[in-house]
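First up is the structure itself, then whatever we jot down about it.
Residue numbers (our numbering), protein chains in the order written: chain A, 46 to 166; chain B, -15 to 95.
Okay, here's the thing in structure tokens:
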């Protein structure tokens, strides 16, 4: 079974430009998450989709970031205009359910993609 | 105060030794706890969930102390392949849907 995929793996852009990152979750996973790791900092949650709906976008840094998941399959994260502080690694993750599996009480694991390394010059 | 705090290391440990990592979390309402492993320039991967009763998976043992808001990971008979960054992660507690990560502890197993 294919895992979470992300495109591109690397992106180098200049300040003020626009970049769009793509995430394809594991087939059948309704829940999709975006995270970001800025150099020297911990991985931080950005937002959570359930199918095509934004369930929680409390981690989005500002209105230069726009995430979409039309049709409830793949998701895009657009940064416009990019700033220097947006540089980092953007991870996408997917899971079957957002929290606990009520039948087993086990946490539904989030599977991470390989990330997109964004450099803003 | 950071939400999840870990000693960043690096921990340099000889092969075959036992090593322990700890972390503390600030949100007392947190509900789920995990250790993730991240290799250099790779994505985080779930190593194990952490339960209040403690749990073991082969050479790995995880413990949770809710009263002290403290999580630990013990690795016995360490292997060269255990070299990685170990991320302490919590979830839930009324906040955002996503996982809350520590910065990670870097482990280097030396031959």
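Even for Gly, the Cβ is constructed at its ideal location relative to N, Cα and C.
All of these numbers come straight from a predicted model, not from anything done at the bench.
Residue i (DSSP reduced to helix, strand or coil)
| i | result |
| --- | --- |
| residue 0(B) | coil |
| residue 115(A) | helix |
| residue 34(A) | Within the shown structure, residues of chain A are numbered from 46 to 166, placing residue 34(A) beyond reach of any answer. |
| residue -9(B) | coil |
| residue 40(B) | strand |
| residue 149(A) | Low confidence applies here, because residue 149(A) scores a pLDDT of 45, under 50, leaving its location unreliable; read the following figure in that light. The answer is coil: DSSP assigns residue 149(A) none of H, G, I, E or B. |
| residue 23(B) | coil |
| residue 30(B) | strand |
| residue 94(B) | strand |
| residue 6(B) | strand |
| residue 155(A) | coil |
| residue 16(B) | strand |
| residue 49(A) | coil |
| residue 163(A) | strand |
Pairwise C-alpha distance: residue j and residue i
| i | j | result |
| --- | --- | --- |
| residue 82(A) | residue 118(A) | 24 Å |
| residue -11(B) | residue 21(B) | 16 Å |
| residue 146(A) | residue 72(A) | Interpretation of residue 146(A) is limited by its pLDDT of 47, a score under 50 that renders its predicted location unreliable; the figure taken from the coordinates is listed afterwards. Using only the alpha carbons, I get a separation of about 18 Å. |
| residue 65(B) | residue 112(A) | 37 Å |
| residue 148(A) | residue 16(B) | Reliability of the predicted coordinates at residue 148(A) is poor, the pLDDT of 45 falling under 50, and no value is obtained from them. |
| residue 63(A) | residue 121(A) | 13 Å |
| residue 29(B) | residue 156(A) | 7 Å |
| residue 33(B) | residue 137(A) | 20 Å |
| residue 76(B) | residue 59(B) | 26 Å |
| residue 87(A) | residue 71(B) | 9 Å |
| residue 150(A) | residue 38(B) | Bear in mind that a pLDDT of 44 at residue 150(A), under 50, signals an unreliable position, so the number given afterwards is only what the model happens to contain. Residue 150(A) and residue 38(B): Cα-Cα distance of roughly 16 Å. |
| residue 165(A) | residue 61(A) | 9 Å |
| residue 99(A) | residue 81(B) | 11 Å |
| residue 74(B) | residue 59(A) | 35 Å |
Beta-carbon proximity of residue i to residue j, cut-off 9 Å
| i | j | result |
| --- | --- | --- |
| residue 83(B) | residue 78(A) | yes |
| residue 55(B) | residue 2(B) | no |
| residue 69(A) | residue 49(A) | yes |
| residue 94(A) | residue 161(A) | no |
| residue 46(B) | residue 35(B) | yes |
| residue 139(A) | residue 163(A) | no |
| residue 100(B) | residue 61(B) | Because residue 100(B) is not part of the residues shown, which for chain B are -15 to 95, the question remains open. |
| residue 90(B) | residue -2(B) | no |
| residue 97(A) | residue 85(A) | no |
| residue -5(B) | residue 92(B) | yes |
Chain A contact residues for residue i, given Cβ-Cβ distances below 7 Å
| i | result |
| --- | --- |
| residue 81(B) | 93, 100, 101, 143 |
| residue 30(B) | 154 |
Beta-carbon neighbours of residue i, restricted to chain A and to distances below 9 Å
| i | result |
| --- | --- |
| residue 85(B) | 80, 82, 87, 88, 89, 90 |
Within chain B, partners of residue i - CB distance below 8 Å
| i | result |
| --- | --- |
| residue 159(A) | 26, 27 |
Under 9 Å by beta carbon: chain B residues contacting residue i
| i | result |
| --- | --- |
| residue 136(A) | 27, 28 |
Whole runs of the beta strand (DSSP E) within the stretch 43 to 75 of chain B, excluding any shorter than 3 residues
Entirely contained in the stretch 43 to 75 of chain B, the beta strand (DSSP E) runs reaching 3 residues are, in chain order, 44 to 49, 54 to 59, 68 to 75.
Curious, which full-length beta strand (DSSP E) runs of at least 3 residues does the stretch 61 to 144 of chain A contain?
If we require 3 residues or more, the beta strand (DSSP E) runs fully inside the stretch 61 to 144 of chain A come out as 64 to 69, 76 to 82, 88 to 95, 98 to 101, 110 to 113, 120 to 124, 133 to 140.
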